[in-house]
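Chemist: All the letters of the sequence shown, read from the start, carry residue numbers 119 to 673 under our numbering.
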Amino acid sequence: MQDFFNKIIEEIKTKKYKKEEIDKLKTKLAKEFSTKRIPTNIEILLKADKKDQTLLKKYIHTKTTRTISGVAPVAVMTKPSACPHGRCTMCPGGLKSAFGDTPQSYTGHEPATMRGKRADYDAYIQIFNRLEQYILLGHNIDKVELIIMGGTFPATPKEYQEEFVTDCFKALNDFSKEFFRKNELDIDKFKEFFELPHTFEEDMTQKIIEKIKKLKKKSTLEKEQKKNEKAKVRCIGLTIETKPDWGLLKHGNEMLRLGCTRVELGVQTLYDDVLKKINRGHTLKETIESIKILKDLGFKLNFHFMIGLPLMNRERDIQAFRELFENENFRPDMMKIYPCMVSRGTLLYLEMKSGNFKPLTTEQAADIISEGEMFVEKYCRIMRVQRDIPPKFMENGILSNLRQHVDEAANKKGIICQCIRCRELGRHDPDDKIIYNTMEYNASEGKEFFISADTKKQDAIVGFVRMRYPSQILRKEITKDSAIIRELHVYGSVVPIGESGLIQHKGVGKELLRLAEKQAKKDRKKKLVVISGIGAREYYKKLGYKQEGPYMVKK
């Protein structure tokens, strides 16, 4: 790799290429030196001597590239702790698991868990580590979606929750302050702090971790949230994982205070006999109640849903998919679909060994999920169809490319998935004619509007807004004549805040919001309440919204 850097730096210095010619040169030299990947422009700059950097900057773009969903996801792992209800029969993780002390439901070998472990589960260090990697990979980090992983976060002590989330916001703010000057990356400071160049695959050295710890210092949640509203690296969404019995009103209110906008809800199954069999610690009644409360507070919900659980069969699994969308008590905004996997050290492993449980094969899982896709509505996004656990740590070894098998099975059956992910514009050729569609449906005793911007030719989705008329009044900010904007999302790519990009910030978001406001007005609603990420508050302020509690509101 070093030969590649020496050659390209020399070429640019002597031949003074135009900026648009650099990419072609990179591709040519990457082939010549058989590099595993094409290095980013930032990596080239970091490999250059200080005296050459000034010259190279004239010819090399250091603007970072963008991600298809428009947001840079940053997962942070909480420390291992016990589940209050005990252990689900299929759970591979937790304290004293077969893999040692690991976060709930993780083996310790997943990429996010390994990053967490290396940082001693310190949120601040994990975020610095991830942001450094993103910059080296050439990604834009203006808009970050923080995802707190590691099991039922609301079940951990309140002090721990507050400290962990404060550290998350402080890390985003401090990273912004340390490494950006006038919105541009300070390459020299970044290089010196992280002792670059080192390949981005390498672990952080202890020395760098100590430097990060020195920056950390104590702060308060309110102070760091306020700072993040205008930081360079903003948290535009915060996701928390929980079980339905830890997703009720008091937990929802606490998650709002922390700045949460999306809840990953461990629904797993729609059947009480299965919930009891797997020792889930609650009934379907709590699942239905939790979904209703969390939607009425404005959260967007991502259901974790399992197929192939004990007491289930192909017909019952497919029926559960139908029920998810036909029954108004459920109707998820997003879904993660997991085939039930068996790992050693679990009660389910003993059941399998004694012949009382037979896990699904890759083909069976792909068959069930492809059949289930028939019932998935356009308002839902299937986020993933497999756990991030390496298959070698599981006894039934479902292949890691399960999604590919699902697509193949669906194609054979002529099933076309209508979910948001399959229709995202970044996965289709852009065509310029955008039409706006409104889908109205009932869910959890409230009324939902899914207003989408779609391309006319391909029916690809450019963006959407989710608006709800709640079924109950749970907070003073949400009055009986309120409508709640639960989500506003425009696809394309991460665009630095204040700049126009491929799709984002081309007025689509504003138009979607205008249509939602128009619908609410037509239905005689007097107040719009938006659940906004802390870092998205400025966007809403510019559109005439004011902060009220954890929400942004407009009367």
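All C-beta atoms in this analysis are idealised placements derived from N, C-alpha and C, irrespective of residue type, glycine included.
Return the CA-CA distance between Q279 and I266, expressed in angstroms with no decimal places.
Modeler: Counted from its first residue, the sequence shown places residue 279 at position 161. Counted from its first residue, the sequence shown places residue 266 at position 148. C-alpha separation (whole angstroms): 10 Å.
Chemist: Can you give me the Cβ contacts of F475 inside the same chain, cut-off strictly under 7 Å, excluding the 5 residues immediately before and after it?
Modeler: Along the sequence shown, one-based indexing puts residue 475 at 357. Cβ neighbours of F475 beyond the five flanking positions: P428, L466, E469.
Chemist: Name the two residues that bound the continuous alpha helix (DSSP H) containing K131.
Modeler: Counted from its first residue, the sequence shown places residue 131 at position 13. Its alpha helix (DSSP H) spans residues 120-133.
Chemist: Along the beta strand (DSSP E) that carries R584, what are the first and last residues, could you check?
Modeler: Within the sequence shown, the letter at position 466 stands for residue 584. Segment 579-587, the beta strand (DSSP E) holding R584.
Chemist: Terminal residues of the continuous alpha helix (DSSP H) containing A200?
Modeler: By 1-based counting over the sequence shown, the position of residue 200 is 82. Note, A200: premise wrong, no alpha helix (DSSP H); not H, not E.
Chemist: Contact check, L630 vs A571 under 8 Å by CB: the rounded distance?
Modeler: Taking the sequence shown and counting its residues from 1, the one referred to as residue 630 is at position 512. Taking the sequence shown and counting its residues from 1, the one referred to as residue 571 is at position 453. Indeed, because the Cβ distance is near 6 Å, the residues count as touching under 8 Å.
Chemist: Could you check what DSSP says for V392 in three-state terms: helix, strand or coil?
Modeler: As a position in the sequence shown, residue 392 is number 274, starting the count at 1. Three-state result, V392: helix.
Chemist: Between G627 and K413, which are expected to be in contact by the criterion C-beta below 8 Å, what is the C-beta distance as a whole number of angstroms?
Modeler: In the sequence shown, residue 627 corresponds to position 509, counting from 1. In the sequence shown, residue 413 corresponds to position 295, counting from 1. No, G627 and K413 are not in contact; Cβ-Cβ is about 22 Å, not under 8 Å.
Chemist: Which residue wins for smallest C-alpha separation from K575, given the options I534, N560, G490, I553?
Modeler: Against the sequence shown, residue 575 aligns to sequence position 457. Closest option to K575, Cα to Cα, is I553.
Chemist: If you run the structure through DSSP and keep just helix, strand and coil, what is H422?
Modeler: As a working mapping, residue 422 is identified with position 304 in the sequence shown. Residue state, collapsed to three classes: strand.
Chemist: Are the beta-carbon atoms of L84 and G532 separated by less than 9 Å?
Modeler: Summary: the structure shown does not reach residue 84, with the chain confined to residues 119 through 673, and so no result is reported for it.
Chemist: How many whole angstroms separate the CB atoms of E491 and T357, which I take to be in contact at a CB cut-off of 8 Å?
Modeler: Working through the sequence shown from its first residue, we reach residue 491 at position 373. Working through the sequence shown from its first residue, we reach residue 357 at position 239. Not really, about 24 Å apart at Cβ, beyond 8 Å.
Chemist: In angstroms, rounded to a whole number, what distance separates the CA positions of E138 and L213?
Modeler: Within the sequence shown, residue 138 is the residue found at index 20, counting from 1. Within the sequence shown, residue 213 is the residue found at index 95, counting from 1. Distance between the alpha carbons of E138 and L213 is about 53 Å.
Chemist: What residue range does the alpha helix (DSSP H) around C209 cover?
Modeler: As a first step, residue 209 is located in the sequence shown; it is residue number 91 there, counting from the start. C209 -> no alpha helix (DSSP H), and no H or E assigned at all.
Chemist: Who pairs with A193 in a beta bridge, going by DSSP?
Modeler: Within the sequence shown, numbered from 1, the residue matching residue 193 stands at position 75. Note: A193 sits in a beta bridge opposite I265.
Chemist: List in chain order: all unbroken alpha helix (DSSP H) runs of 4+ residues lying wholly within the segment 278-345.
Modeler: As far as the segment 278-345 is concerned, its whole alpha helix (DSSP H) runs of at least 4 residues are 305-311, 324-334.
Chemist: May I ask you to report which of helix, strand or coil DSSP gives E542?
Modeler: Translated into positions along the sequence shown, residue 542 becomes position 424. Of the three classes helix, strand and coil, the one that applies to E542 here is strand, per DSSP.
Chemist: Cutting at 6 Å between CB atoms, please list the residues of its own chain near Y242, excluding the five before and the five after it.
Modeler: If you number the sequence shown from 1, residue 242 lands on position 124. Excluding residues within five positions, the ones whose Cβ falls inside 6 Å are D285, A289, K334.
Chemist: What whole-angstrom Cβ distance do M208 and T464 have, given they're in contact under 8 Å?
Modeler: Locating residue 208 in the sequence shown gives position 90, where the first residue counts as 1. Locating residue 464 in the sequence shown gives position 346, where the first residue counts as 1. So it is a contact: roughly 6 Å between Cβ atoms.
Chemist: Check whether the segment 524-538 and the segment 491-501 touch, using three or more Cβ-Cβ pairs below 8 Å as the test.
Modeler: Contact between the segment 524-538 and the segment 491-501 is present, because at least three Cβ pairs lie under 8 Å.
Chemist: Do you know offhand how far F508's Cα is from L254's?
Modeler: Here residue 508 is taken as the residue at index 390 of the sequence shown, counted from 1. Here residue 254 is taken as the residue at index 136 of the sequence shown, counted from 1. Here residue 508 turns out to be Pro, not Phe, going by the sequence shown. Each residue's alpha carbon lies about 25 Å from the other.
Chemist: Under the DSSP definition of a beta bridge, which residues are partnered with R502?
Modeler: Locating residue 502 in the sequence shown gives position 384, where the first residue counts as 1. R502 is bridged to K454.
Chemist: Within 10 angstroms of the Cβ of Q244, are there 16 or more other Cβ atoms? Answer buried if so, exposed if not.
Modeler: As a first step, residue 244 is located in the sequence shown; it is residue number 126 there, counting from the start. The residue is buried, with at least 16 neighbouring Cβ atoms inside 10 Å.
Chemist: Give the secondary structure of G377 by DSSP, where H, G and I count as helix, E and B as strand, and everything else as coil.
Modeler: The residue labelled residue 377 in the question sits at position 259 within the sequence shown. In this structure, G377 counts as coil in the three-state DSSP scheme.
Chemist: Following the continuous beta strand (DSSP E) through N445, name the residue where it begins and the one where it ends.
Modeler: Locating residue 445 in the sequence shown gives position 327, where the first residue counts as 1. No beta strand (DSSP E) contains N445, which DSSP labels as neither H nor E.
Chemist: With distances taken from CA atoms, which of E433, K594, N447, A634 is nearest A601?
Modeler: As a position in the sequence shown, residue 601 is number 483, starting the count at 1. Nearest C-alpha to A601: A634.
Chemist: Write down the C-beta distance between A483 and P457 rounded to the nearest angstrom, noting that I regard them as a contact closer than 8 Å.
Modeler: In the sequence shown, counting from the first residue as 1, residue 483 sits at position 365. In the sequence shown, counting from the first residue as 1, residue 457 sits at position 339. Yes, they are in contact, since the Cβ atoms of A483 and P457 sit about 4 Å apart, within 8 Å.
Chemist: Out of N291, F423, T153, F217, state which residue places its alpha-carbon closest to the alpha-carbon of F246.
Modeler: In the sequence shown, counting from the first residue as 1, residue 246 sits at position 128. The option with the nearest alpha carbon to F246 is N291.
Chemist: How would you label L374, buried or exposed, when you count the other beta carbons within 10 angstroms and need 16 or more for buried?
Modeler: The sequence position of residue 374 within the sequence shown is 256, counting from 1. L374 is buried by the Cβ-count criterion.
Chemist: In terms of residues, what are the limits of the beta strand (DSSP E) holding L646?
Modeler: Walking along the sequence shown from the start, residue 646 turns up at place 528. Taken as a continuous stretch (DSSP letters only), the beta strand (DSSP E) holding L646 covers 645-648.
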